[in-house]
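Structure first, commentary second.
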Amino acid sequence: MLKRLVNKCLQWLGFEIVSTSRIGSRAIRDAARVLQLLNDDAILIFDVGANDGGTAASMRQTFPGATIYCFEPFRTTFDRLSKKFRRSHGIICEQMGFSDKAGNVACVVHENSELNSVRAELNSRSSNQTPETVKLSTIDEYCYQENIERISLLKTDTEGFDLHVLRGARSMLESGKIDVIVCEVGVQRDDSRHTPLWHVSEFLQERGYRIVSIAEQMPSQTNLQMDYCNAVFALRSLLLLSSRIGRNDL
Numbered sequence: 138m139l140k141r142l143v144n145k146c147l148q149w150l151g152f153e154i155v156s157t158s159r160i161g162s163r164a165i166r167d168a169a170r171v172l173q174l175l176n177d178d179a180i181l182i183f184d185v186g187a188n189d190g191g192t193a194a195s196m197r198q199t200f201p202g203a204t205i206y207c208f209e210p211f212r213t214t215f216d217r218l219s220k221k222f223r224r225s226h227g228i229i230c231e232q233m234g235f236s237d238k239a240g241n242v243a244c245v246v247h248e249n250s251e252l253n254s255v256r257a258e259l260n261s262r263s264s265n266q267t268p269e270t271v272k273l274s275t276i277d278e279y280c281y282q283e284n285i286e287r288i289s290l291l292k293t294d295t296e297g298f299d300l301h302v303l304r305g306a307r308s309m310l311e312s313g314k315i316d317v318i319v320c321e322v323g324v325q326r327d328d329s330r331h332t333p334l335w336h337v338s339e340f341l342q343e344r345g346y347r348i349v350s351i352a353e354q355m356p357s358q359t360n361l362q363m364d365y366c367n368a369v370f371a372l373r374s375l376l377l378l379s380s381r382i383g384r385n386d387l
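Structure below.
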């Protein structure tokens with residue numbers, strides 16, 4: 138009775154109580170529920186497009202014993218990132234980005250670091266922006282060089298460059314060595330800043346992955362449409378385990 142009354146009061150004020158355990162509420166939490174199926178404490182995470190470490194800090198709370206690799210190619214943003222985690226055990230910061238081929242790319246630095254991207258279409262320089270050349274590699278090459286055999290969770294948020302990042306992990310993906318992927322995606326055809334959901338979904342489903350949830354849905358600031366969200370994908374073979382132990386037990 139009290140719960141119903143509180144809910145009605147909140148709805149009157151424009152709010153609603155939503156269970157955070159519900160699939161689709163939080164992408165990282167959804168990823169954690171899938172990874173529970175492995176019953177493996179040796180969690181290794183790639184945070185591609187780590188920015189200043191906000192998502193990495195959240196992942197550290199969800200996966201306290203995990204090894205987290207944070208990749209951020211832009212120097213000023215990387216400096217903030219590395220300073221934030223300089224005393225954090227198990228968090229490794231790398232000043233680099235990923236693509237489908239290695240090399241250096243000329244970019245511009247935005248005042249808002251969340252807008253920084255290595256995507257050519259988003260790098261037209263204006264008078265108040267600083268040029269910077271950033272280093273890119275591929276996930277496949279990095280894993281080979283660092284003797285990384287498996288990635289538990291790959292999170293990519295690269296302002297429209299995410300499909301290039303995934304193509305650079307083709308070998309790892311096709312051999313089933315990445316368990317779960319969280320990717321920021323766009324859902325509108327005229328969105329030039331985010332990688333379309335359907336492109337990412339097609340690429341991953343062709344390689345044995347299935348979509349788990351759509352989380353953190355971000356509405357447009359000008360109308361009622363949804364602009365972008367975080368999509369969670371997992372290996373189909375891994376998801377089949379949930380049907381054996383019971384979905385409600387996760």
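Take our numbering: the last position of the sequence shown gets the number 387, and nothing is skipped along the way. Backbone N, C-alpha and C define an ideal beta-carbon position, used for all residues, glycine too.
- When Cβ pairs closer than 8 Å are counted between the two stretches, the segment 337–349 is seen not to touch the segment 199–213, the count staying below three.
- For residue 231, the secondary structure class from DSSP, reduced to helix, strand or coil, is strand.
- In this structure, residue 328 keeps its C-beta atom at 8 Å or more from the C-beta atom of residue 175.
- Note that the C-beta distance between residue 332 and residue 377 is not below 8 Å.
- Shown here for residue 351: same chain residues with a beta carbon closer than 7 Å to its own, the five before and five after excluded, namely 161, 366 and 368 in chain order.
- Restricted to the segment 321–357, the alpha helix (DSSP H) segments that are unbroken, complete and at least 4 residues in length are 334–342, listed in chain order.
- The criterion of a C-beta distance shorter than 8 Å is satisfied by residue 271 and residue 242.
- The continuous alpha helix (DSSP H) containing residue 191 extends over residues 191–199.
- In the three-state reduction of the DSSP assignment, residue 238 falls in the coil class.
- In chain order, 165, 184, 292 and 294 place their CB closer than 8 Å to the CB of residue 192, counting only its own chain and leaving out the 5 sequence neighbours on each side.
- If you draw a straight line from the Cα of residue 194 to the Cα of residue 240, it is about 29 Å long.
- Within a 10 Å sphere around the beta-carbon of residue 361 sit fewer than 16 other beta-carbons, which makes this residue exposed.
- The alpha-carbon of residue 219 is positioned some 8 Å away from that of residue 231.
- DSSP places residue 187 outside both helix and strand once states are collapsed to three, so it counts as coil.
- According to the DSSP secondary-structure assignment, residue 368 is paired through a beta bridge with 320 and 351.
- Rounded to the nearest whole angstrom, the CA to CA distance from residue 314 to residue 342 is 15 Å.
- Setting aside the 5 residues that flank it on each side, residue 278 is surrounded in the same chain by 239, each with a C-beta closer than 7 Å to its C-beta; the list follows chain order.
- Excluding the 5 residues flanking it on each side, residue 221 has same chain C-beta neighbours closer than 6 Å at 190, in chain order.
- Within the model, the alpha-carbon separation for residue 273 versus residue 357 is close to 31 Å.
- From the listed residues 321, 345 and 346, the smallest Cα separation to residue 364 is found for 321.
- For residue 274, the pairing in a beta bridge is given by DSSP as 235.
- Under the three-state reduction of DSSP output, residue 292 falls in the strand class.
- Taking 8 Å as the cut-off, the beta carbon of residue 353 is found no closer than this to the beta carbon of residue 330.
- Nearest Cα to residue 188 within the set 282, 249 and 202: 249.
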